[in-house]
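Participant: Can you read through this structure? Questions will come right after.
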Amino acid sequence: MKIESPVLRRLGPVPFWRGTVKCLDELQRIYTKAAEAAAEKLGRPAD
Amino acid sequence: MPSPRSQRRQEMKLSPRQREALELVADGKFVPCLVKENDGWHARWRALGGGEANGWVDEYIRAATITRLSEDAEDQRHETLHDAWLLALRSRTGLVVWDDAECAAFAAELEAWGGNAEEDRVARACIRFRLAAVEASERFELLCETPCDRRGLKALGQAAYVWPVLVGLRTRSPRLLGMTLTPAEAEDFVRTGARHLRDAGYGVEGADLAASITAVAEVSGEAGSEGSGDEGTRFGPGGIRLTVRVGGEPVSAAEIRFLLDQGSTLVHFRDRWIEVDRNILREALRALEKGVGPRAHALSFALGLGHVGRLEIEEARAHGWLRGLVNELCGLKGLTGLSGLRGLKGMEEFRGELRDYQLRGVEWLRFLTRHGFGALLADDMGLGKTIQVIAWLIAERGERGEWTPMLIVAPLTVLSNWRHELARFAPGLRVYVHQGDSRHFASGFRKAVAEADVTLTSYNLLVKDYDGFSGVRWHALVLDEAQAVKNPDTQVARAVCALTPPRRIALTGTPVENSVADIWSLEEFLNPGFLGERRAFTDRFVRPIAADAGAAAARRLQHALEPFILRRLKTDPRIAAELGEKREIREYCELSPEQRRDYETALAAFRAREREPGDVFALLTELKLICDGAGKLERLLDLLEAIFAADESALVFSQYAKVGARLRTAIEQRFKIRCPFLHGGLSAREREEAIAQFNRRGPRAFVLSLKAGGFGLNLTKATHVIHFDRWWNPAVESQATDRAHRIGQNRTVFVHLLISAGTLEEHVDEILARKARIAGQVVMTGESFLLSLGEKELLETVRLDGAEQQGGETAR
Chain A
12 MKIESPVLRR LGPVPFWRGT VKCLDELQRI YTKAAEAAAE KLGRPAD
Chain B
499 MPSPRSQRRQ EMKLSPRQRE ALELVADGKF VPCLVKENDG WHARWRALGG GEANGWVDEY
559 IRAATITRLS EDAEDQRHET LHDAWLLALR SRTGLVVWDD AECAAFAAEL EAWGGNAEED
619 RVARACIRFR LAAVEASERF ELLCETPCDR RGLKALGQAA YVWPVLVGLR TRSPRLLGMT
679 LTPAEAEDFV RTGARHLRDA GYGVEGADLA ASITAVAEVS GEAGSEGSGD EGTRFGPGGI
739 RLTVRVGGEP VSAAEIRFLL DQGSTLVHFR DRWIEVDRNI LREALRALEK GVGPRAHALS
799 FALGLGHVGR LEIEEARAHG WLRGLVNELC GLKGLTGLSG LRGLKGMEEF RGELRDYQLR
859 GVEWLRFLTR HGFGALLADD MGLGKTIQVI AWLIAERGER GEWTPMLIVA PLTVLSNWRH
919 ELARFAPGLR VYVHQGDSRH FASGFRKAVA EADVTLTSYN LLVKDYDGFS GVRWHALVLD
979 EAQAVKNPDT QVARAVCALT PPRRIALTGT PVENSVADIW SLEEFLNPGF LGERRAFTDR
1039 FVRPIAADAG AAAARRLQHA LEPFILRRLK TDPRIAAELG EKREIREYCE LSPEQRRDYE
1099 TALAAFRARE REPGDVFALL TELKLICDGA GKLERLLDLL EAIFAADESA LVFSQYAKVG
1159 ARLRTAIEQR FKIRCPFLHG GLSAREREEA IAQFNRRGPR AFVLSLKAGG FGLNLTKATH
1219 VIHFDRWWNP AVESQATDRA HRIGQNRTVF VHLLISAGTL EEHVDEILAR KARIAGQVVM
1279 TGESFLLSLG EKELLETVRL DGAEQQGGET AR
């Protein structure tokens, strides 16, 4: 999955990750969904 | 999805803290963490920079991302703490049920990961990537300078996450790493990798995407001057020398060929990366090798409208005579040479008085047409476009000193007006009116045209009798109400464009700035080729301007068209000062064939019968009512259309109540607006309502009977007063006019007098004007003046001028 979030790209992978789920992919999904919902609440136009 | 209204409600309820939190979430400025709270460890979201918005940030993210699976994360079994934490980030409570010591260790790792942003930023800024081409090879080298400390290595590891190809970097020397990239990898680096690395704070060099492919035109206007074809420049047949630029730097034809030969769309060229648009490059190459456009385009280029297909000319420099012309064109509006007309041969035949702005208009027309350009005179309605053109016609004929057939095409309803204005201001011009059933054809047409200086016809007849018109070598063509040719697909537009006389003028009172698409067709008649191909014009101007009226395209088009369009507004203080408070305009209308028949029948019956008291008055009323028929009504509606188009309002006076009622119905049907009608039969309340209706927003018409509406009203919303029929009593008429023209009115009021040509309306008007000129005042006015005439004078006054004046005869 492409990591779009600047914060995640900057932080890189969580060190010593031992989870079975791909951590950055999952975080990226959350960042996208949360940002979209907040923008809608603020009435910002969709990209 | 919430409706916009409910969204607004939500926004209104937000506290500043909530809004701040939402903005942080929307901008992605938050990180996950693991914190110990009273009831155990929790996966939490916190805002970057922390602060009081944290609670809201966590709540918003959780609410937006919770799923059925994550809802009760704490009740589920997980293989690792990491999995439990990741799921708890989007669970209802965020609770993580796991070994305390392991949680503490992981929390510390997360803290170090998410909390050292500042230190990492500094470390990343110390790392520089540089992309360079490998000589004599298609490959590229990506070098990376980096500090060799712990932070530097960590930041380098993070970079591989940003652009994964970087895992191939190998140490070359203590502070330098490097790797070879294939052309595809290099392209990906330039397109995405470099941007993402920059976003993340790394330094990147050698991966800039150069600006687009453009061109600079040197325009001399001299046909056939040649340059070397392979130096990136060449004078085309129109004297246009083109310099193609890539990323702002001139390139030769050979270099363009090199760019075209590259397999990739992204080419490394002169140490820059060029996005190659093959279509544009091919067009640029063709232009360099074969030259650009015919002579007509030289001016278009010089005025900044040039393009070669999709290759835009970013800059144009005019040289030689063209430079002088461009300077003159651009300075035209400040034209001050007002004496130019006076000394011209033949101008003594002009019988009118031109105001200063009209003189400037005529000078402007002469300048453009003398240089072979078409002119669009777009003065506001009422500023006297007709008289300016008539002065121009006389000057043109006088200057040529030979037979110069000039054609005026106008809508049918204004032909009469032209005929009268020509007779009034230029009695020396021979005019052939090609109109009506008695108009000439074939050799008769050629003879009639040959015996006239000016031929006058309607748009319909131009198309219908096109064979005749196309057989004449016209010296000039004037289009009145030229919006009639705004659609290039119509027969009318095709017909006028096919005539191609050397002098071309178009008149319109409708603003052209708002209808960009229409201007193409008008310019295609006036200055063929100036705006380029229609499709390209649509792509380059119509679409961008429709999307954004303030776009650069709009400014560019406006700048280029400025020399060819003259538009003065009556609200312009200088023009208003010249116009004065009130301006009277005679509008001549044609009788329809039915009206002519009725008029003649009424006259014949009057002549045949024994006179009885009251007969003359009855005849006058009957004739005036006939004059108020279809022909005049059409003219009124056209006039109102122009007034409404300018967002203005009008008062329409008639002395007959039944005519007024008919006018109201016609206006309401044509314009789909409510049109109040004020007459003697209204109660005081109805009268108030009618006035209130007129004063509502938007352009409106108000029909008033002359007697009922002639006094006591203040209707300064109107800037036009139309006298549909005549009382022939200046005192009564100006009292009506003063409804609009009184204290509170700060604009010029235009008074339109509608006169049926060839009828008693015209004859009485002439007699009164003559008397006024001689005596300085009108001694006896109104119907009483007619009632006092003897039988012979009366019949002379009420006569109907024959059909031959309306159609097919040269009048001098």
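Protein chains in written order, with my numbering: chain A, 12 to 58; chain B, 499 to 1310.
C-beta: ideal position from N, C-alpha, C; glycine also.
Between the Cα of R971(B) and the Cα atoms of A1206(B), A1075(B), A948(B), which residue gives the shortest distance?
Facilitator: As a first step, residue 971(B) must be located in the second sequence, where it is residue number 473. Among A1206(B), A1075(B), A948(B), the Cα nearest to that of R971(B) is on A948(B).
Participant: For the candidate residues Q1153(B), L1101(B), N1227(B), whose alpha-carbon lies nearest to that of L1292(B)?
Facilitator: Counting from 1 along the second sequence, the entry for residue 1292(B) is found at position 794. Ranking the options by Cα distance to L1292(B), first place goes to L1101(B).
Participant: Taking all protein chains shown into account, do 16 or more other C-beta atoms lie within 10 angstroms of the C-beta of A602(B), making it buried, or fewer, making it exposed?
Facilitator: Here residue 602(B) refers to the residue found at position 104 when the second sequence is read from its first residue. Exposed, by the Cβ-count rule.
Participant: Between which residues of its own chain and Q856(B) is the CB-CB distance below 6 Å, once the five residues before and five after are set aside?
Facilitator: Counting from one through the second sequence, the residue named residue 856(B) turns up at place 358. Taken in chain order, the residues that qualify are G882, Q886.
Participant: Under 8 Å between the Cβ atoms of T902(B) and D978(B)?
Facilitator: As a working note, residue 902(B) is residue 404 in the second sequence. As a working note, residue 978(B) is residue 480 in the second sequence. Cβ distance not < 8 Å, so T902(B) and D978(B) don't count as in contact.
Participant: Quick one: what's got a C-beta closer than 6 Å to A1188(B)'s C-beta in the same chain, skipping five residues either side?
Facilitator: In the second sequence, counting from the first residue as 1, residue 1188(B) sits at position 690. Answer for A1188(B): P1174, L1176, listed in chain order.
Participant: To which residues does DSSP link C531(B) through a beta bridge?
Facilitator: Taking the second sequence and counting its residues from 1, the one referred to as residue 531(B) is at position 33. In DSSP, C531(B) forms a bridge with R542(B).
Participant: Per DSSP, what are the beta-bridge partners of H1250(B) in this structure?
Facilitator: Walking along the second sequence from the start, residue 1250(B) turns up at place 752. For H1250(B), which the question treats as bridged, DSSP gives the partners I1083(B), I1220(B).
Participant: Among T988(B), L1135(B), R1001(B), which one has its Cα closest to the Cα of D1016(B)?
Facilitator: In the second sequence, residue 1016(B) corresponds to position 518, counting from 1. Considering only alpha carbons, the answer is T988(B).
Participant: So E1146(B) and P1197(B) are supposed to be a Cβ contact under 8 Å. How far apart are they, rounded?
Facilitator: Indexing the second sequence from 1 puts residue 1146(B) at position 648. Indexing the second sequence from 1 puts residue 1197(B) at position 699. 6 Å between Cβ atoms; contact.
Participant: Taking one C-beta from the stretch 1017 to 1033 of chain B and one from the stretch 798 to 806 of chain B each time, how about it: are there three or more such pairs within less than 8 Å?
Facilitator: Output reads yes: the stretch 798 to 806 of chain B touches the stretch 1017 to 1033 of chain B.
Participant: Tell me the residue span of the alpha helix (DSSP H) that contains C642(B).
Facilitator: On the second sequence, position 144 is the one that residue 642(B) refers to. Run containing C642(B): none in the alpha helix (DSSP H); it sits in the beta strand (DSSP E), 638 to 643.
Participant: List the residues of chain A whose Cβ lies closer than 9 Å to the Cβ of W611(B), in chain order.
Facilitator: In the second sequence, residue 611(B) corresponds to position 113, counting from 1. Ordered by position in chain A, the residues that pass the 9 Å Cβ test against W611(B) are L22, G23, P24, V25, P26.
Participant: Do you know offhand how far H1057(B)'s Cα is from I1063(B)'s?
Facilitator: Translated into the one-based positions of the second sequence, residue 1057(B) becomes position 559. Translated into the one-based positions of the second sequence, residue 1063(B) becomes position 565. Using only the alpha carbons, I get a separation of about 11 Å.
Participant: Roughly how many whole angstroms lie between the Cα atoms of G727(B) and D854(B)?
Facilitator: Your numbering for residue 727(B) matches position 229 in the second sequence. Your numbering for residue 854(B) matches position 356 in the second sequence. Note that G727(B) has pLDDT 34, beneath the 50 cutoff, so the model's placement of it is unreliable and the number below is only indicative. Cα to Cα, G727(B) sits roughly 51 Å from D854(B).
Participant: Any beta-carbon of chain A closer than 8 Å to the one on T563(B)?
Facilitator: Along the second sequence, read from residue 1 onward, the residue named residue 563(B) stands at position 65. With 8 Å as the cut-off, T563(B) counts as an interface residue toward chain A.
Participant: Restricting to Cα atoms, I'd like to know which of G54(A), L38(A), A46(A), T31(A) is closest to P530(B).
Facilitator: Here the question's residue 530(B) lines up with position 32 in the second sequence. Taking only the C-alpha atoms, the option nearest P530(B) is L38(A).
Participant: Tell me where the beta strand (DSSP E) around L764(B) begins and ends.
Facilitator: Position 266 of the second sequence, counted from the first residue, corresponds to residue 764(B). Start and end: 764 to 767.
Participant: Are the beta-carbon atoms of Y1097(B) and L959(B) separated by less than 8 Å?
Facilitator: The residue given as residue 1097(B) occupies position 599 in the second sequence. The residue given as residue 959(B) occupies position 461 in the second sequence. Not in contact: Y1097(B) and L959(B) (Cβ atoms no closer than 8 Å).
Participant: Counting only beta-carbon separations shorter than 8 Å, does I559(B) have a partner in chain A?
Facilitator: The sequence position of residue 559(B) within the second sequence is 61, counting from 1. Yes - at least one Cβ of chain A is within 8 Å of the one on I559(B).
Participant: Quick one: list the residues of chain A neighbouring V523(B), beta-carbon separation under 7 Å, in chain order.
Facilitator: To locate residue 523(B), count along the second sequence from 1; it is residue 25. Result: A45, A46, A49.
Participant: Tell me, to the nearest whole angstrom, how far the beta carbon of L776(B) is from that of L764(B); I am working on the premise that it is less than 8 Å.
Facilitator: Reading the second sequence from its first residue, position 278 is the one you call residue 776(B). Reading the second sequence from its first residue, position 266 is the one you call residue 764(B). Looking at the sequence provided, one finds Arg at residue 776(B) rather than Leu. Going by Cβ atoms, the distance from R776(B) to L764(B) rounds to 12 Å, so no, they are not a contact pair.
Participant: Mind checking if K511(B) is an interface residue toward chain A, Cβ cutoff 8 Å exclusive?
Facilitator: As a first step, residue 511(B) must be located in the second sequence, where it is residue number 13. K511(B) does not count as touching chain A.
Participant: Would you mind reading off the limits of the alpha helix (DSSP H) that contains L1293(B)?
Facilitator: Numbered from its first residue, the second sequence carries residue 1293(B) at position 795. From DSSP, the alpha helix (DSSP H) with L1293(B) extends over 1289 to 1296.
Participant: Quick check on the DSSP output: what are the complete alpha helix (DSSP H) runs of length 4 or more inside the stretch 1131 to 1197 of chain B, in order along the chain?
Facilitator: Complete alpha helix (DSSP H) runs here, min 4: 1155 to 1169, 1182 to 1192.
Participant: How about C1125(B) and T1295(B): are their beta carbons less than 8 Å apart?
Facilitator: Here residue 1125(B) is taken as the residue at index 627 of the second sequence, counted from 1. Here residue 1295(B) is taken as the residue at index 797 of the second sequence, counted from 1. Their beta carbons are not under 8 Å apart, which means C1125(B) does not touch T1295(B) by this criterion.
Participant: Mind checking which residues open and close the alpha helix (DSSP H) that includes H694(B)?
Facilitator: Here the question's residue 694(B) lines up with position 196 in the second sequence. 692 to 697 is the extent of the alpha helix (DSSP H) around H694(B).
Participant: Name, please, each residue of chain A whose Cβ falls closer than 8 Å to the Cβ of G699(B).
Facilitator: The sequence position of residue 699(B) within the second sequence is 201, counting from 1. Correct list: R21.
Participant: Where L875(B) and P17(A) are concerned, what is the direct C-alpha to C-alpha distance, given to the nearest angstrom?
Facilitator: For the purposes of this step, residue 875(B) is identified with residue 377 of the second sequence, where counting begins at 1. For the purposes of this step, residue 17(A) is identified with residue 6 of the first sequence, where counting begins at 1. Rounded to the nearest angstrom, the two C-alpha atoms are 57 Å apart.
Participant: Look at the Cβ atom of V717(B), then the Cβ atom of H817(B), and state whether they are nearer than 8 Å.
Facilitator: On the second sequence, residue 717(B) is found 219 positions in, with the first residue counted as 1. On the second sequence, residue 817(B) is found 319 positions in, with the first residue counted as 1. Cβ distance < 8 Å, so V717(B) and H817(B) count as in contact.
Participant: At least one CB of chain A closer than 8 Å to the CB of R648(B): is that the case?
Facilitator: Reading the second sequence from its first residue, position 150 is the one you call residue 648(B). No, because no Cβ of chain A sits closer than 8 Å to the Cβ of R648(B).
Participant: Just to make sure I have the definition right: I need the residues of chain A whose C-beta is within less than 8 Å of the C-beta of D581(B). Which are they?
Facilitator: Taking the second sequence and counting its residues from 1, one reaches residue 581(B) at position 83. The answer, in chain order, is G30, T31, V32.
Participant: Residues in its own chain within less than 8 Å of C646(B) by CB, not counting five upstream and five downstream?
Facilitator: On the second sequence, residue 646(B) is found 148 positions in, with the first residue counted as 1. Closer than 8 Å at Cβ, skipping near neighbours: P672, R673.
Participant: Does Y930(B) come out as helix, strand or coil in the three-state DSSP assignment?
Facilitator: Residue 930(B) sits at position 432 when you count from the first residue of the second sequence. If DSSP states are grouped into helix, strand and coil, Y930(B) belongs with the strands.
Participant: In chain order, what residues of the same chain have a beta carbon less than 8 Å from the beta carbon of A586(B), not counting five sequence neighbours either side?
Facilitator: As a first step, residue 586(B) is located in the second sequence; it is residue number 88 there, counting from the start. Result list for A586(B): H540, A541, S568, A571, E572, G592, L593, V594, in chain order.
Participant: Work out the CA separation of R784(B) and R755(B) for me, nearest whole Å.
Facilitator: As a working note, residue 755(B) is residue 257 in the second sequence. As a working note, residue 784(B) is residue 286 in the second sequence. Spanning the two alpha carbons is a distance of roughly 11 Å.
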